[in-house]
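Colleague:
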């Protein structure tokens with residue numbers, strides 16, 4: 001096996017190890033539990049409300065959108081924090097100092113961040129099926145759609161997280177440069193309420209970014225076809241979903257390695273030390 | 285002919301308008317332990333980072349293991365070890381799991397003569413981390429963390445090892461153990477070692493050769509004794525006679541003492557010959573260089 005293929009394999013092992021560590025860590029379990037309780041609590045309060053103009057219940061319509069929002073948040077903010085932290089604490093530099101280490105590191109991140117959405121989905125989906133009726137309209141075909149929408153959505157959005165993580169000046173700034181934009185995007189992308197309630201130009205902006213399409217794709221998977229009347233064009237626009245998410249994914253796959261390579265070049269012990277000093281000095 | 289592992293000629297590094305490294309020349313031969321000594325801000329870390337391939341120089345020729353580190357590939361990387369100072373990376377890993385993971389990258393570079401990586405259990409013993417091997421890294425003490433840093437640096441059995449301020453924050457016991465480890469690597473593994481420190485005692489104990497870096501230049505090079513002789517060739521002789529204390533500086537302390545005893549015999553008491561220590565040498569050299577730089581600066585100011 002060539003050294004670079006060997007490094008990819010080691011990276012995959014690294015990603016799996018870190019995933020297992022994350023699932024076992026009370027800190028991460030706490031995060032999943034917190035988001036799970038929040039979402040389920042909201043849906044429970046509105047369990048008997050009907051969506052205006054349809055015979056669908058609020059939990060059925062809100063659940064796929066919220067799942068899309070959480071996945072989007074996870075695959076952008078997760079890698080952004082991980083990368084910013086790895087730059088600051090020397091994890092990246094360690095990998096730069098070993099042969100093909102960077103290749104291994106990024107393979108590991110890719111696997112870890114992809115796997116991380118699984119516990120996030122499970123902690124909400126499993127109780128949701130027990131608590132509410134009509135969660136999933138189409139059975140097998142619905143799950144198939146969930147799978148491809150999630151994979152494509154992740155490919156479209158994770159590069160954004162990696163690029164943010166590579167460019168933010170410090171971990172402390174991920175809140176401003178990573179979390180805030182994603183929350184704003186979630187607010188205009190039809191995650192919490194239909195995007196049609198907003199001004200026309202906001203709808204245009206929302207449809208440029210992948211989060212809206214991730215939400216739309218998830219709704220198309222979970223809801224009956226009759227619910228498509230609630231959407232902008234009155235149908236699920238499956239082809240458009242594939243095209244927009246695919247375009248973002250291709251752009252991400254082309255641009256991200258360049259950004260990461262530039263970032264890796266700048267890694268040095270003095271940069272790590274400067275980051276350490278900055279992290280110790282919160283207020284200046 | 286000895287094998288040159290590191291060759292630096294006319295190395296310059298400029299940040300903005302300031303030359304951090306003005307003109308650095310030196311060589312390191314195979315199997316040597318060379319110590320780069322200098323005050324804070326002298327450019328030690330910058331020099332090491334250029335040699336590690338982590339920083340791009342402004343000018344000059346640099347060759348490390350036969351290649352330019354700025355363009356060297358992964359095969360070169362596998363032969364070089366870097367000890368980094370970590371502070372909170374990999375908190376959820378254990379020393380054993382992390383060393384196994386990072387060491388495995390070196391497996392494709394093993395040869396019949398050089399087995400790579402070093403087996404984890406052996407490595408843990410070598411750096412004195414065997415007892416903490418299965419503890420989560422976040423729970424390690426500062427000293428244990430630094431041992432782990434050293435272990436990660438040598439897991440690939442490097443031909444050349446870089447250590448930047450390796451014992452900063454070590455207690456005396458840990459420092460002694462670290463010095464033993466460096467001797468082990470140098471004597472048994474024949475690793476060439478380049479380290480920086482501002483601890484003179486450490487430089488004297490570890491290094492075959494010391495390079496003193498001040499104001500971006502190597503101002504002196506040699507073994508601790510050579511350096512001491514070079515700067516202040518004079519030794520100080522102190523004695524007392526009839527209740528009076530005398531001090532005399534001389535180039536040939538032995539001859540002077542012989543004369544002294546011949547002349548005064550039993551009257552001489554409290555005889556003491558003090559050779560300049562590395563510390564005296566270092567302070568003298570650095571001070572001289574700083575004064576020269578200061579004068580050059582003043583001259584430039586005046587010329588304007």
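Protein chains in written order, with the numbering used here: chain A, 1 to 284; chain B, 285 to 588. Yeah, the Cβ is synthetic: ideal placement off N, Cα and C, and Gly gets one too. Predicted, not measured: the structure shown is a model, and the values here were computed from it.
Reducing DSSP to helix, strand and coil, say where residue 413/B ends up.
Modeller: Along the second chain, one-based indexing puts residue 413/B at 129. The answer is coil: DSSP assigns residue 413/B none of H, G, I, E or B.
Colleague: Within a Cβ cutoff of 6 Å, which residues of the same chain sit near residue 446/B, ignoring the five residues on either side of it in sequence?
Modeller: Along the second chain, one-based indexing puts residue 446/B at 162. 332, 336, 366, 478.
Colleague: Using a Cβ-Cβ distance under 7 Å, would residue 366/B count as near chain A?
Modeller: Locating residue 366/B in the second chain gives position 82, where the first residue counts as 1. For residue 366/B, the answer is yes, since a Cβ of chain A falls inside 7 Å of its Cβ.
Colleague: If you measure beta-carbon to beta-carbon, which residues of the region 496-511 of chain B are closer than 7 Å to chain A?
Modeller: Cβ contacts with chain A come from no residue of the region 496-511 of chain B.
Colleague: Is it buried or exposed, residue 499/B, if we count other Cβ atoms within 10 angstroms and call 16 or more buried?
Modeller: Within the second chain, residue 499/B is the residue found at index 215, counting from 1. Looking at its Cβ environment, which holds 16 or more other Cβ atoms inside 10 Å, residue 499/B is buried.
Colleague: Does residue 116/A have its Cβ less than 7 Å from a Cβ in chain B?
Modeller: For this step, residue 116/A is matched to residue 116 along the first chain. It does not; no Cβ of chain B falls within 7 Å.
Colleague: In whole angstroms, what is the alpha-carbon distance linking residue 405/B and residue 3/A?
Modeller: Residue 405/B sits at position 121 when you count from the first residue of the second chain. Residue 3/A sits at position 3 when you count from the first residue of the first chain. So the alpha carbons of these two residues sit roughly 24 Å apart.
Colleague: Just to make sure I have the definition right: I need the residues of chain A whose C-beta is within less than 7 Å of the C-beta of residue 329/B. Which are they?
Modeller: Here residue 329/B corresponds to residue number 45 of the second chain, with the count starting at 1. Correct list: 269, 270.
Colleague: Could you please tell me which residues of the region 19-31 of chain A, in chain order, have their CB closer than 7 Å to any CB of chain B?
Modeller: 21, 25
Colleague: Check each candidate in 203/A, 137/A, 120/A and name the one with the smallest Cα separation from residue 30/A.
Modeller: Translated into the one-based positions of the first chain, residue 30/A becomes position 30. For the residues 203/A, 137/A, 120/A, the minimum Cα distance to residue 30/A belongs to 120/A.
Colleague: Going along the region 210-227 of chain A in order, which residues come within less than 8 Å of chain B, judged by CB to CB distance?
Modeller: none
Colleague: Measure the alpha-carbon distance for residue 123/A versus residue 28/A and round it to whole angstroms.
Modeller: Counting from 1 along the first chain, the entry for residue 123/A is found at position 123. Counting from 1 along the first chain, the entry for residue 28/A is found at position 28. Roughly 12 Å between the two C-alpha positions.
Colleague: Kindly list, in the order they appear in chain A, the residues whose Cβ is closer than 7 Å to that of residue 388/B.
Modeller: As a first step, residue 388/B is located in the second chain; it is residue number 104 there, counting from the start. 10, listed in chain order.
Colleague: Under 7 Å between C-beta atoms, does residue 107/A make it to chain B?
Modeller: If you number the first chain from 1, residue 107/A lands on position 107. No - not a single Cβ of chain B is within 7 Å of the one on residue 107/A.
Colleague: List, in order along the chain, the chain A residues whose C-beta lies closer than 9 Å to that of residue 431/B?
Modeller: Walking along the second chain from the start, residue 431/B turns up at place 147. None at all; the shortest Cβ gap to chain A is about 15 Å.
Colleague: Can you list, in chain order, the residues of its chain with a C-beta nearer than 7 Å to that of residue 310/B? Leave out the 5 residues immediately preceding and following it.
Modeller: Sequence index remark: in the second chain, residue 310/B carries index 26 (1-based). Cβ contact annotation for residue 310/B (same chain, cutoff 7 Å, sequence separation greater than five): 292, 495, 502, 505, in chain order.
Colleague: Answer yes or no: does any C-beta atom of chain A fall closer than 7 Å to that of residue 296/B?
Modeller: In the second chain, the residue the question calls residue 296/B occupies position 12. Chain A contact via Cβ: absent.
Colleague: Find out if the Cβ-Cβ distance for the pair residue 363/B, residue 349/B is shorter than 7 Å.
Modeller: Reading the second chain from its first residue, position 79 is the one you call residue 363/B. Reading the second chain from its first residue, position 65 is the one you call residue 349/B. In this structure, residue 349/B lies closer than 7 Å to residue 363/B by Cβ.
Colleague: Please report the straight-line C-alpha distance between residue 519/B and residue 426/B, rounded to a whole angstrom.
Modeller: In the second chain, the residue the question calls residue 519/B occupies position 235. In the second chain, the residue the question calls residue 426/B occupies position 142. If I take the Cα positions, the gap works out to 41 Å.
Colleague: Would residue 569/B be called buried (16 or more neighbouring beta carbons within 10 Å of its own) or exposed?
Modeller: Walking along the second chain from the start, residue 569/B turns up at place 285. Buried, since its Cβ has 16 or more Cβ neighbours within 10 Å.
Colleague: According to the neighbour-count rule (16 or more other Cβ atoms, all chains shown, within 10 Å of its Cβ), is residue 285/B buried or exposed?
Modeller: For the purposes of this step, residue 285/B is taken as residue 1 along the second chain, with counting starting at 1. Because residue 285/B carries a pLDDT of 46, less than 50, the predicted location of this residue cannot be relied on, and the following value inherits that uncertainty. Answer is exposed; the Cβ neighbour count stays below 16.
Colleague: Who are the Cβ neighbours of residue 422/B in its own chain at under 8 Å, not counting the five residues just before and after it?
Modeller: On the second chain, position 138 is the one that residue 422/B refers to. Within the same chain, 372, 375, 376 come within 8 Å of residue 422/B by CB-CB distance, once the 5 residues on both sides are set aside.
Colleague: Check the C-beta distance from residue 294/B over to residue 344/B and give it rounded, since I have them as a contact under 8 Å.
Modeller: Counting from 1 along the second chain, the entry for residue 294/B is found at position 10. Counting from 1 along the second chain, the entry for residue 344/B is found at position 60. Indeed, because the Cβ distance is near 4 Å, the residues count as touching under 8 Å.
Colleague: What are the residues of the region 547-578 of chain B that lie near chain A, defined by any Cβ-Cβ distance shorter than 8 Å?
Modeller: none
Colleague: On the premise that residue 153/A lies in contact with residue 222/A, defined as a C-beta separation below 8 Å, what is that separation, rounded to the nearest angstrom?
Modeller: As a working note, residue 222/A is residue 222 in the first chain. As a working note, residue 153/A is residue 153 in the first chain. Incorrect: roughly 14 Å between the Cβ atoms, too far for contact.
Colleague: Considering only residues of the same chain and omitting the five flanking positions on each side of residue 55/A, which have a CB-CB separation below 6 Å?
Modeller: One-based indexing of the first chain puts residue 55/A at position 55. Answer for residue 55/A: no residue qualifies.
Colleague: Would you mind sorting residue 548/B into buried or exposed? The rule is 16 or more other CB atoms within 10 Å of its CB.
Modeller: The sequence position of residue 548/B within the second chain is 264, counting from 1. Looking at its Cβ environment, which holds fewer than 16 other Cβ atoms inside 10 Å, residue 548/B is exposed.
Colleague: Is residue 468/B helix, strand or coil when you go by DSSP?
Modeller: Residue 468/B sits at position 184 when you count from the first residue of the second chain. Helix.
Colleague: Is residue 309/B close to chain A? Criterion is C-beta to C-beta, closer than 7 Å.
Modeller: Here residue 309/B refers to the residue found at position 25 when the second chain is read from its first residue. Under the 7 Å criterion on CB atoms, residue 309/B is classed as non-interfacial with respect to chain A.
Colleague: Less than 7 Å between CB atoms is the rule here; does residue 159/A satisfy it with respect to chain B?
Modeller: To locate residue 159/A, count along the first chain from 1; it is residue 159. No - not a single Cβ of chain B is within 7 Å of the one on residue 159/A.
Colleague: Checking contacts by CB at 7 Å: is residue 277/A closer than that to chain B?
Modeller: Within the first chain, residue 277/A is the residue found at index 277, counting from 1. Answer no: the Cβ-Cβ gap between residue 277/A and chain B never drops below 7 Å.
Colleague: Taking buried to mean at least 16 other C-beta atoms within 10 Å of its own C-beta, is residue 390/B buried or exposed?
Modeller: By one-based count along the second chain, residue 390/B stands at place 106. Buried.
Colleague: Could you confirm whether any beta carbon from chain B is found closer than 7 Å to the beta carbon of residue 229/A?
Modeller: If you number the first chain from 1, residue 229/A lands on position 229. Judged by the 7 Å Cβ criterion, residue 229/A is not in contact with chain B.
Colleague: Would you mind stating whether residue 112/A and residue 18/A have Cβ atoms separated by less than 7 Å?
Modeller: By one-based count along the first chain, residue 112/A stands at place 112. By one-based count along the first chain, residue 18/A stands at place 18. Their beta carbons are under 7 Å apart, which means residue 112/A touches residue 18/A by this criterion.
Colleague: Quick one: list the residues of chain A neighbouring residue 374/B, beta-carbon separation under 7 Å, in chain order.
Modeller: On the second chain, position 90 is the one that residue 374/B refers to. Neighbours of residue 374/B on chain A, chain order: 91.
Colleague: Can you check whether the C-beta of residue 362/B is within less than 7 Å of a C-beta belonging to chain A?
Modeller: Residue numbering aside, residue 362/B sits at position 78 when the second chain is read from its first letter. Judged by the 7 Å Cβ criterion, residue 362/B is in contact with chain A.
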